[in-house]
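Here is the structure we will look at.
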Amino acid sequence: MPNERSKFYAWNLGLPIAIALAIFVVFDLTSLDEVISNWLYYPNHEFPFGHNRLFENLTHRWPRIIPDLTGEAAIIGSILSFIWPLLKPGRDDRLLTALERLRIAPLLRFTARHRRDFLFIVVSFAVITGMIHFFKSHTSIYCPVETTLYGGTMEKKEWFENFRLFHEAGPGRCWPGGHASGGFTMVALYFVARRYQWRHARAILYASMVLGAIYGTTRVLQGWHFMSHTFWAGVIVWISALLTALAFYGWRQLAPSTEATPSAFAAVAR
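With our numbering applied, the sequence shown covers -2 to 267.
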């Protein structure tokens, strides 16, 4: 058991912390962010897709449907989960029969069984959003196109130079990447999968990271973020989701190996 616990925390807490340290050293203590953005900005003195409306729709507006629908489905599932336990045989036989005929009863039973999972997704999305907004307002970092480096009027600063713990640091709202965090929020599903020891849990984690990275990179191409903003968003989202999962499930439900029971997640469908 101690070994399982150590492995769980090493992977789900130690790894994102190690990634955070790497980002800090590789990006925040160097000019790598500027090197990447300069390569995109020059020689035309504009970012490749900065004013492309189709690119904006394809990469910024429409992709929001993935985390938005996931969150909305979790909210609906949470609400529905309270209905089935209220129905009693004998007292509500007619209603129960009607629900069975309409094939609504299986859905209500499913949501009731997995109420905690639906609520976890709702709360984790809220916590993640709150943490991203906290860091945005308490660092007041401006986007590349808003800085003097790329035609703007504001000075470029690193987040740690401007961080204020107890009050807002200013009007800047560019660090960490908000759009990238929308893709990274899907990591909440990874912790649900871990609870059921699904062998594809890590695949969900990797897919969430790739989705967030794609979301964030498209904003780099538009000049609305530096590359490190995306990576920092991933770290903050991962740790926020982890802490929320621990509050909902405890480490014992999350720590068992996801490789040992390939069909365990089938319980979700029952």
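Glycine is no exception: its CB is placed at the ideal position from the N, C-alpha and C atoms. It should be emphasised that the depicted structure is a prediction, and the values quoted were computed from it without experimental measurement.
Residue i in three-state terms, based on DSSP
i, result
"M224", "helix"
"T27", "coil"
"M128", "helix"
"T214", "helix"
"M151", "strand"
"G247", "coil"
"T144", "strand"
"G87", "coil"
"T136", "helix"
"P64", "helix"
"M206", "helix"
"I101", "coil"
"N49", "coil"
"I33", "helix"
"Y6", "helix"
"P13", "helix"
"R106", "helix"
"R113", "helix"
"N271", "A query on residue 271 cannot be resolved here, the shown segment of the chain reaching from -2 to 267 and no further."
Exposure of residue i, with buried meaning 16 or more beta-carbon neighbours within 10 Å
i, result
"D89", "exposed"
"S205", "buried"
"L12", "exposed"
"I14", "exposed"
"T108", "buried"
"F131", "exposed"
"D30", "buried"
"I129", "buried"
"Y147", "buried"
"T182", "buried"
"Y203", "exposed"
"G179", "buried"
"H222", "buried"
"Y187", "buried"
"F163", "exposed"
Neighbourhood of residue i by C-beta distance below 6 Å, restricted to the same chain and skipping five residues each side
i, result
"L239", "N9"
"Y246", "R192"
"Q250", "R192"
"W172", "T136, I138, W156 and H226"
"R112", "S78"
"V142", "G149 and G220"
"W81", "L105, R106 and A109"
C-alpha gap between residue i and residue j, whole angstroms
i, j, result
"P45", "L37", "7 Å"
"F115", "A19", "34 Å"
"F122", "M224", "23 Å"
"L83", "L105", "11 Å"
"A95", "K85", "14 Å"
"P253", "S75", "26 Å"
"T27", "S134", "24 Å"
"E1", "N35", "45 Å"
"F228", "T126", "16 Å"
"A70", "D25", "37 Å"
"Y39", "E165", "33 Å"
"I16", "W235", "11 Å"
"A200", "G209", "14 Å"
Other residues of its chain near residue i: CB distance less than 7 Å, five sequence neighbours each side excluded
i, result
"L218", "L37, F44, P45 and F46"
"V124", "S237 and T241"
"H176", "H57, Y212, G213 and R216"
"R161", "H135"
Contacting residues, own chain, Cβ-Cβ under 8 Å from residue i (five flanking each side not counted)
i, result
"P168", "S137"
"T145", "M151, E152 and K153"
"N54", "none"
"E158", "none"
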